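Enquirer: These protein sequences, in sequence, are chains A and B.
In terms of the working numbering, the first sequence opens at residue 1 and continues consecutively.
In terms of the working numbering, the second sequence opens at residue 161 and continues consecutively.
Idealized CB from N, CA, C, for every residue including glycine.
None of these values were measured; they are calculated from a predicted model.
There are 2 protein chains.
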Amino acid sequence: MTETRWLSDDERTAWVRFTAVLELLPAALDLQLVTDEDLTHFEYFTLAMLSEAPGRILRTSALAARTNASLPRLSRVISRLESAGFVARSLCSEDRRATNVSLTEAGWAKVVAAAPGHVEAVRRFVIDALTAEQIEQLSVISAAMLKRLDPDSRMLASEA
Amino acid sequence: MTETRWLSDDERTAWVRFTAVLELLPAALDLQLVTDEDLTHFEYFTLAMLSEAPGRILRTSALAARTNASLPRLSRVISRLESAGFVARSLCSEDRRATNVSLTEAGWAKVVAAAPGHVEAVRRFVIDALTAEQIEQLSVISAAMLKRLDPDSRMLASEA
DNA sequence: AATCGATAGTTGCACCTACAAGCAATTGAT
DNA sequence: ATCAATTGCTTGTAGGTGCAACTATCGATT
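1) Can you name the residues of chain B whose CB is closer than 9 Å to the CB of Thr35/A?
2) Taking all protein chains shown into account, decide if Asp150/A is buried (16 or more other Cβ within 10 angstroms of its Cβ) or exposed.
3) Report the neighbours of Asn228/B on chain A: residues whose CB is nearer than 9 Å to its CB, in chain order.
4) I'd like to know whether the C-beta atoms of Thr195/B and Met209/B end up nearer to each other than 9 Å.
5) Can you pull the chain A neighbours of Lys307/B, defined as C-beta to C-beta under 9 Å?
6) From which residue to which residue does the beta strand (DSSP E) around Arg154/A run?
7) Is the CB-CB distance between Phe125/A and Leu25/A below 9 Å?
8) Do you know how far the Cα of Glu254/B is from the Cα of Ser79/A?
9) With 9 Å set as the bound, which would you pick, yes or no: does the beta-carbon of Thr46/A sit closer than that to a beta-carbon of chain B?
10) Please determine, among Glu82/A, Leu33/A, Arg154/A and Asp128/A, the residue with the shortest C-alpha to C-alpha distance to Ala174/B.
11) With DSSP collapsed to three states, give me the class of Val111/A.
12) Within 10 angstroms of the Cβ of Glu11/A, are there 16 or more other Cβ atoms? Answer buried if so, exposed if not.
13) Sort Arg154/A, Asp152/A, Ser75/A and Pro116/A by Cα distance to Thr162/B and report the nearest one.
14) Please list the residues of the region 210-236 of chain B that have a C-beta atom closer than 7 Å to any C-beta atom in chain A, keeping them in chain order.
15) Measuring alpha carbon to alpha carbon, tell me which residue in Glu203/B, Ala225/B and Arg308/B is nearest Glu242/B.
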């Protein structure tokens, strides 16, 4: 094994701060959605991805790719959203193993209702805390990290 | 309610990318530690915080503050680390409600063994993906977000 | 010193997620 | 046409975390 390259003081400071953000920000966003809309961030994100899909319908595995969720996880989340009336499952005619998940009217209404509060939280904790220049920097920096974290950009791709 | 201020295109791009990082990075760091060291990132962080404390000992609530954990969560994590032999509980002489948690020799050895791999992962996914200038930008940006997320900087403070 | 409220920590219960096993449908090779 | 391997999704089981309830102790007041 080669010698460990420890972090410099500047690197360490940046990392400690960034780690704190990684810990606190998701919790803060979740809290807003759970208290205001009774949705976890992941549930909201799932509904949001569906709402942006053409026809507001997606196959389960396509939705899993967009939300970076495992199939088992997504399957249960869909079940919950289904019993809340926000999504509906239907069979896929092309491949009878597959299931399509579609956003119901109630689900669409839920996204529309929840979006402003969520965006407001994103502004409060992130966007409005930064200058336009810093937002651009964050964008570039995030892209650089994503190249390492997700080389195939499965997370961002709208499906080839 | 006032009119929603939606995100501009640039803001939205930055946010989508940053969200992906928020989702992928913790999972990537966890994966390295779990597979290589059989420790969750939170367990590692707990041991690391203890290892940096004077005398490698801390009261449970002080440790909870440093790790941003609820007492119930930390209590159970300590129980696990204790049965693994990495930490030990002892009674606090000054306040008999409190418990001190100390790092054992085995716990210290575990941190020492795990640190290089973890730092290497941090480098691989974050530090080495960025220029020195970008690391400085990330540091400043994180600080700005933390001011909103954690106004009292409980997370970073080494306890007043 | 007796008491009431706050604090330190643990535990019961419910929920969410991961991993692995399972079932059904599809694809590819013979 | 048939069988084996793969794919799409669901479910059984185990483990981690949050919230609320609980015990024990401390501190302040009377």
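Expert: So, from the data block:
1) Simply none; closest approach about 16 Å.
2) buried
3) Ala20, Glu23, Leu24 and Ala27
4) no
5) Ala129
6) Looking at the DSSP string, Arg154/A is not in any beta strand (DSSP E), and its letter there is neither H nor E.
7) yes
8) 52 Å
9) no
10) Asp128/A
11) helix
12) buried
13) Pro116/A
14) Asn228
15) Glu203/B
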